[in-house]
Amino acid sequence: TQLLEQSPQFLSIQEGENLTVYCNSSSVFSSLQWYRQEPGEGPVLLVTVVTGGEVKKLKRLTFQFGDARKDSSLHITAAQTGDTGLYLCAGATSGTYKYIFGTGTRLKVLA
Amino acid sequence: KAGVTQTPRYLIKTRGQQVTLSCSPISGHRSVSWYQQTPGQGLQFLFEYFSETQRNKGNFPGRFSGRQFSNSRSEMNVSTLELGDSALYLCASTETGTGRQYFGPGTRLTVT
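Residue numbers (the working numbering), protein chains in the order written: chain A, 1 to 111; chain B, 1001 to 1112.
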């Protein structure tokens, strides 16, 4: 069974602080996605990474895919209250649209 | 382009009943996936349909079933509801080629 473990599970920080969320697996994925979900809504895709070692930046968010394509990280610089939400990673194996979701990291950014 | 729509948004059923949820994907998307989200288990993959055929299936009992119509709209059905089926059911429409998933707002099912 493929599993994606995220850490930390919960994170409460002050506005302006930096943070990193990790997504780890013993399985290899052909692509990995990061989502943010807010209460009452479905997850919204932030980024897709497909190449081992790939780094993508989206404004204050930096995403990295591990060299072996088994792990990923999301780094947020100078967090803002609008970053509050549930962050989910999701991996897919080659040739399928069957995504395995991580356990989630619930982030709260305090003003 | 209109996003993914799911109906109904909220549903309350009693144990033993059955329920049907509906999902309309983004126009042009032929793949529709269904997920169950609960606080304890997180987001779990139910099944994926592509051009009216079930292409992938998660580890859920046979009480959970689905189908897709020629216009790509999809329904999922849960028979003989159990209390543990209470969850947010999410539908995702996948863009062919990129694998980018767009989620609907979900249907919140409560089983009493």
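A virtual CB, placed ideally from N, CA and C, is assigned to each residue, including glycine.
This structure is a prediction, so every number in the text was calculated from the model and none was measured.
Look at the beta carbons and you see the region 15-28 of chain A touching the region 69-79 of chain A: at least three pairs across the two are nearer than 8 Å. Here DSSP, grouped into helix, strand and coil, assigns A:D71 to strand. Distances from the CA of B:G1066 to each of B:F1060, B:S1074 and B:N1059 were compared; the closest alpha carbon is that of B:S1074. B:I1012 and A:G53 have their C-alpha atoms some 46 Å from each other.
Under the Cβ distance rule, B:L1109 does not count among the residues neighbouring chain A, no pair being separated by less than 9 Å. Judged by beta-carbon spacing, A:L4 lies beyond the 9 Å limit of A:A68, meaning their Cβ atoms are not closer than that value. With respect to the C-alpha of A:P8, the residue from A:A111, A:L110 and A:T103 having the closest C-alpha is A:T103. Taking a contact as a CB-CB distance under 8 Å, the pair B:G1104 and B:T1005 counts as one, their CB atoms being some 6 Å apart. When DSSP reads this structure, B:L1090 sits in a beta bridge with B:Y1035. Residue environment: B:P1025 is assigned as buried (16 or more neighbouring CB atoms within 10 Å of its CB, all protein chains considered). B:Q1101 places its beta carbon less than 9 Å from that of A:Q33.
At a cut-off of 9 Å between C-beta atoms, B:T1112 does not count as an interface residue with respect to chain A.
Residue environment for B:E1052: exposed (fewer than 16 other C-beta atoms within 10 angstroms of its C-beta). Spatial neighbours of A:K56 in its own chain (CB-CB distance under 7 Å, excluding positions within 5 residues in sequence) are listed in chain order as V47, V49 and F63. One Cα belongs to B:Q1041, the other to B:S1070, and the distance between them is close to 32 Å.
Using a Cβ-Cβ cut-off of 9 Å, B:P1105 counts as an interface residue toward chain A, since at least one Cβ of chain A sits closer than that to its own. If you look at A:A90, you'll find it in the beta strand (DSSP E) that goes G85 to A92. Look at B:L1090: its C-beta is under 9 Å from a C-beta on chain A. Closest in C-alpha terms to A:K70, from the list A:A92, A:P39, A:G85 and A:Y35, comes A:A92. Between B:V1032 and B:S1072, the beta carbon gap of about 7 Å places them in contact (Cβ cut-off 8 Å).
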